[in-house]
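In my numbering, the protein residues as written are 1202 to 1323.
Okay, here's the thing in structure tokens:
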């Protein structure tokens, strides 16, 4: 395992996180996570992911229909094929602006190799 400062995972490269989860997908005792999107710097919702359903967003079974409070709480997380994690809103905006969608960190192409369509629809 990689040594992490203050027992807090902060790197946005998801493969680094894997050794810190048990076989049931829970974070091991004594380790916390505070991973930020490297575009907007909001904290990513990795341990408590939101379930998007139409115009509603459910977090831990509670529905939040007021999406005006985007500055509060955590950002829905997307892990790209290269392993880098970003906020869903940010990566969709990044892909929409790019001539060919790529990872903002490593620049790996995010187009399917054979059919050449993007991995995330705008």
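Just so it is clear, CB atoms sit at the ideal spot from N, CA and C, and this is done for glycine as well.
Problem - Nearest-angstrom Cβ-Cβ length linking residue 1145 and residue 1297, presumed shorter than 8 Å - result: The chain is shown from 1202 up to 1323; residue 1145 falls before or after that span and cannot be answered.
Handout entry: For residue 1299, the three-state DSSP class (helix, strand or coil)
Key = Shown here, residue 1299 sits in coil according to DSSP, grouped into three states, outside any helix or strand.
Handout entry: Boundaries (first-last residue) of the beta strand (DSSP E) holding residue 1287
Key = Segment 1286-1288, the beta strand (DSSP E) holding residue 1287.
Exercise for the section: Could you tell me the distance, in whole angstroms, from the CA atom of residue 1212 to the CA atom of residue 1314? Expected result: When rounded, the distance between both Cα atoms is 27 Å.
Practice task
Would you kindly work out how many angstroms separate the C-alpha atoms of residue 1301 and residue 1310, rounded to a whole number?
Solution key: When only Cα atoms are considered, residue 1301 and residue 1310 end up about 7 Å apart.
Problem - Extent of the continuous beta strand (DSSP E) run through residue 1230 - result: No beta strand (DSSP E) contains residue 1230, which DSSP labels as neither H nor E.
Problem - CA-to-CA distance, residue 1275 to residue 1258, given in whole angstroms - result: Confidence at residue 1258 is low in this model, with a pLDDT of 48, below 50, so its placement is unreliable and no value can be given for it.
Problem - Coarse secondary structure for residue 1329, derived from DSSP in three states - result: Since the first and last residues shown for the chain are 1202 and 1323, residue 1329 lies out of range.
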